[in-house]
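Just so we're aligned, residue 641 is where the sequence shown starts under the working numbering, counting upward by one.
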Amino acid sequence: MTSPHPRDGTAPWPRRALLAVLAIAALFASQLFASSASTAAPGERAADVGPNAVRVAEFVAECAFSHRLPDDPIVFPDMPGASHMHSFFGSTVTDAGTTNLGDLLQGDSTCDPVIDLSSYWVPTLFVNGQPVEPQSATFYYLGEGVDADVVANTQPLPRGLKIVAGNALATGPDQSIARWSCLHAGHVNPSKDFVNCPSGTALESYLDFPQCWDGVNLDSPDHKSHMAYPVAGQCPSTHPVAVPKLRQVLRYPVNGDPSGFALASGAGYTMHGDFFNAWPEDEMLRRVEDCIRPVIKCGADGVPS
């Protein structure tokens, strides 16, 4: 009679079948895991992605108004009073003579984080002839407007980089890239010129800076040629280095009929912005590695918010 418990070490058929099924299941699970890992977002570092991370490539600097001068150290260097009136944010020492990075590094900052010693400036807004400064000025550093592979290879903004965005000489809305809207009034269509914001809301200005750098020059004769905007999600071959896109968002404590509004440079469509980068290199790199490349929303401290 055949024993029901063989002594040759061979498991009975039901047990062998169970082991085979478990092995197949384990193989399937491993292949599924490998497949999901291979489709992770470009640049994502799994260790950096918490369960509550907001998947937006962003870090910010919140910078209070510092001072107002008819100076522009990028366009009119060492020529005090040669420019229309500008409102300055960030660096507290910027004037017409602030042409070297060392000038900024010796000053203080109105930004959160205070380690951002960069200088940001815009044409002053006048309402019925009186200057009005923003109630808030947020400078977003973003990984958007380009393909995922470009975001994953974004490089830090080089220290000392100067960028000018917008068109101070625009003669009509079609020559402008600025945008005006109303805070808490999404039903008001945005425009390239001033808009009529309802009572209780605030006038907003948005301006995006170019995010493709030529990889060599920190400035150029026209202050724009060393930078370029992406084309079809990629940086052009002439400007192959992707850097974070700076978005300037200003909120002014005004609303109502815009007929009394004017920028120091003219109509609303002449809005423009200047940026002189003085971020510490290690902090800029950390934010690019921890926020931009892995597509994680970070706060002013460079930590996921």
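C-beta: ideal position from N, C-alpha, C; glycine also.
This structure is a prediction, so every number in the text was calculated from the model and none was measured.
> In its own chain, which residues sit with a C-beta less than 6 Å from the C-beta of Pro682, not counting the 5 before and 5 after it?
Replying inline: Walking along the sequence shown from the start, residue 682 turns up at place 42. Residue placement at Pro682 is flagged as unreliable, the pLDDT there being 40, under the threshold of 50; the coordinate-derived value follows with that caveat. Cβ within range, chain order: Ala788, Asp789, Ala792.
>> Checking the sheet assignment: what are the DSSP bridge partners for Thr778?
In response: What you label residue 778 is simply residue 138 of the sequence shown in a count that begins at 1. Per DSSP, Glu702, Val889.
> If you compare alpha carbons, which of Pro920, Gly942, Asp922, Gly900 is closest to Pro771?
Replying inline: As a position in the sequence shown, residue 771 is number 131, starting the count at 1. The candidate whose alpha carbon is nearest that of Pro771 is Gly900.
> Hey, how far is the Cα of Ser723 from the Cα of Pro710?
Replying inline: As a working mapping, residue 723 is identified with position 83 in the sequence shown. As a working mapping, residue 710 is identified with position 70 in the sequence shown. Taking the straight line joining both Cα atoms gives about 5 Å.
>> Does Met924 come out as helix, strand or coil in the three-state DSSP assignment?
In response: On the sequence shown, residue 924 is found 284 positions in, with the first residue counted as 1. In the structure shown, Met924 sits in a helix (DSSP, three-state: H, G or I).
> Going by C-alpha distance, which of Ala904, Val889, Ala868, Leu843 is nearest Gly896?
Replying inline: On the sequence shown, position 256 is the one that residue 896 refers to. Nearest neighbour of Gly896 by Cα position, chosen from Ala904, Val889, Ala868, Leu843, turns out to be Leu843.
>> When you compare the region 825–841 with the region 861–873, are there three or more beta-carbon pairs, one atom per stretch, that lie closer than 8 Å?
In response: Judged by Cβ distances under 8 Å, the region 825–841 makes no contact with the region 861–873, as fewer than three pairs qualify.
> What distance in whole Å lies between the Cβ atoms of Val928 and Pro796, which are believed to be in contact at a cut-off of 8 Å?
Replying inline: Residue mapping note: residue 796 aligns to position 156 of the sequence shown, counting from 1. Residue mapping note: residue 928 aligns to position 288 of the sequence shown, counting from 1. Contact flag correct, Cβ pair sits at about 5 Å.
>> Looking only at its chain, what residues have a beta carbon closer than 7 Å to the beta carbon of Ala882, apart from the 5 residues adjacent to it on each side?
In response: Here residue 882 corresponds to residue number 242 of the sequence shown, with the count starting at 1. Excluding positions up to five away in sequence, the list reads Val786, Val790, Asn793, Thr794, Gln795, Gln851, Cys852, Cys875.
>> Could you tell me the alpha carbon to alpha carbon distance between Asp941 and Gly908, rounded to whole angstroms?
In response: What you label residue 941 is simply residue 301 of the sequence shown in a count that begins at 1. What you label residue 908 is simply residue 268 of the sequence shown in a count that begins at 1. The straight-line gap from Cα to Cα measures roughly 32 Å.
>> Quick check on the DSSP output: the alpha helix (DSSP H) that includes Ala792 runs from which residue to which?
In response: Along the sequence shown, read from residue 1 onward, the residue named residue 792 stands at position 152. Boundaries of the alpha helix (DSSP H) harbouring Ala792: 788–792, taken from the DSSP string.
>> Looking only at its chain, what residues have a beta carbon closer than 6 Å to the beta carbon of His707, apart from the 5 residues adjacent to it on each side?
In response: Residue mapping note: residue 707 aligns to position 67 of the sequence shown, counting from 1. Correct list, in chain order: Phe728.
> Assuming Lys937 contacts Val694 under a Cβ cut-off of 8 Å, what Cβ separation, rounded to an integer in Å, is found between them?
Replying inline: Position 297 of the sequence shown, counted from the first residue, corresponds to residue 937. Position 54 of the sequence shown, counted from the first residue, corresponds to residue 694. With a contact defined as Cβ atoms closer than 8 Å, Lys937 and Val694 qualify at about 4 Å.
> Helix, strand or coil: which one does DSSP assign to Ser749?
Replying inline: Working through the sequence shown from its first residue, we reach residue 749 at position 109. Note: Ser749 maps to strand in three-state DSSP.
>> Just to confirm my understanding: we take Ile714, look at its own chain, exclude 5 residues before and 5 after, and list those with CB closer than 8 Å. What are they?
In response: Within the sequence shown, residue 714 is the residue found at index 74, counting from 1. Answer for Ile714: Lys802, Val804, Asp859, His863, Asp914, Phe916, listed in chain order.
> Counting along the chain, where does the beta strand (DSSP E) carrying Gln770 start and finish?
Replying inline: Here residue 770 is taken as the residue at index 130 of the sequence shown, counted from 1. 770–772 is the span of the beta strand (DSSP E), which, as asked, contains Gln770.
> Among Asp735, Pro830, His824, which one has its Cα closest to the Cα of Leu847?
Replying inline: Start at 1 with the first residue of the sequence shown, and residue 847 comes out as number 207. Of Asp735, Pro830, His824, the residue nearest in Cα terms is Pro830.
> What residues in its chain sit with their C-beta under 6 Å from that of Leu584, if we drop five residues either side in the sequence?
Replying inline: What is shown of the chain runs 641 to 945, which leaves residue 584 out entirely.
> Taking just the CA atoms, how far does Pro880 sit from Gln888?
Replying inline: Position 248 of the sequence shown, counted from the first residue, corresponds to residue 888. Position 240 of the sequence shown, counted from the first residue, corresponds to residue 880. Those two C-alpha atoms are separated by around 23 Å.
> Within this structure, are the beta carbons of Ala918 and Leu782 separated by less than 8 Å?
Replying inline: Within the sequence shown, residue 918 is the residue found at index 278, counting from 1. Within the sequence shown, residue 782 is the residue found at index 142, counting from 1. Taking 8 Å as the Cβ cut-off, Ala918 and Leu782 do not qualify as a contacting pair.
> Since Glu844 is in the beta strand (DSSP E), which residue starts that stretch and which ends it?
Replying inline: Residue numbering aside, residue 844 sits at position 204 when the sequence shown is read from its first letter. 842–848 is the extent of the beta strand (DSSP E) around Glu844.
> Going straight from the alpha carbon of Pro720 to that of Leu925, what length do you get?
Replying inline: The residue you call residue 720 lines up with position 80 of the sequence shown. The residue you call residue 925 lines up with position 285 of the sequence shown. Their Cα atoms are separated by approximately 34 Å.
>> With H, G and I counted as helix, E and B as strand and the rest as coil, what does DSSP make of Leu823?
In response: As a working mapping, residue 823 is identified with position 183 in the sequence shown. In the structure shown, Leu823 sits in a strand (DSSP, three-state: E or B).
> Which class does Cys931 belong to by DSSP, given the choice of helix, strand or coil?
Replying inline: Here residue 931 is taken as the residue at index 291 of the sequence shown, counted from 1. Three-state DSSP puts Cys931 in a helix.
> Should Leu745 be labelled buried (16 or more other beta-carbon atoms within 10 Å of its own) or exposed?
Replying inline: Along the sequence shown, read from residue 1 onward, the residue named residue 745 stands at position 105. Around the beta carbon of Leu745, fewer than 16 other beta carbons lie within 10 angstroms, which makes this residue exposed.
>> Please report the straight-line C-alpha distance between Phe608 and His912, rounded to a whole angstrom.
In response: No answer is possible for residue 608: it lies beyond the span of the chain, which begins at 641 and ends at 945.
> Alpha carbon to alpha carbon, how far is Phe699 from Leu823?
Replying inline: Against the sequence shown, residue 699 aligns to sequence position 59. Against the sequence shown, residue 823 aligns to sequence position 183. Going from the Cα of Phe699 to the Cα of Leu823 covers about 21 Å.
>> Using the three-state DSSP reduction, which class does Ser731 fall into: helix, strand or coil?
In response: Along the sequence shown, read from residue 1 onward, the residue named residue 731 stands at position 91. DSSP places Ser731 in strand when its eight states are reduced to three.
>> Closest to Gly769 by C-alpha separation, out of Ser759, Pro934, Leu903, would be which residue?
In response: Translated into positions along the sequence shown, residue 769 becomes position 129. Nearest of Ser759, Pro934, Leu903 to Gly769, Cα basis: Leu903.
>> Under DSSP, the beta strand (DSSP E) around Ile803 begins and ends at which residues?
In response: Residue numbering aside, residue 803 sits at position 163 when the sequence shown is read from its first letter. Where Ile803 is concerned, the enclosing beta strand (DSSP E) stretches over 802–806.
>> My output table needs one value for Pro861: the three-state DSSP class, helix, strand or coil.
In response: Position 221 of the sequence shown, counted from the start, is the residue given in the question as residue 861. Coil at Pro861, not helix or strand.
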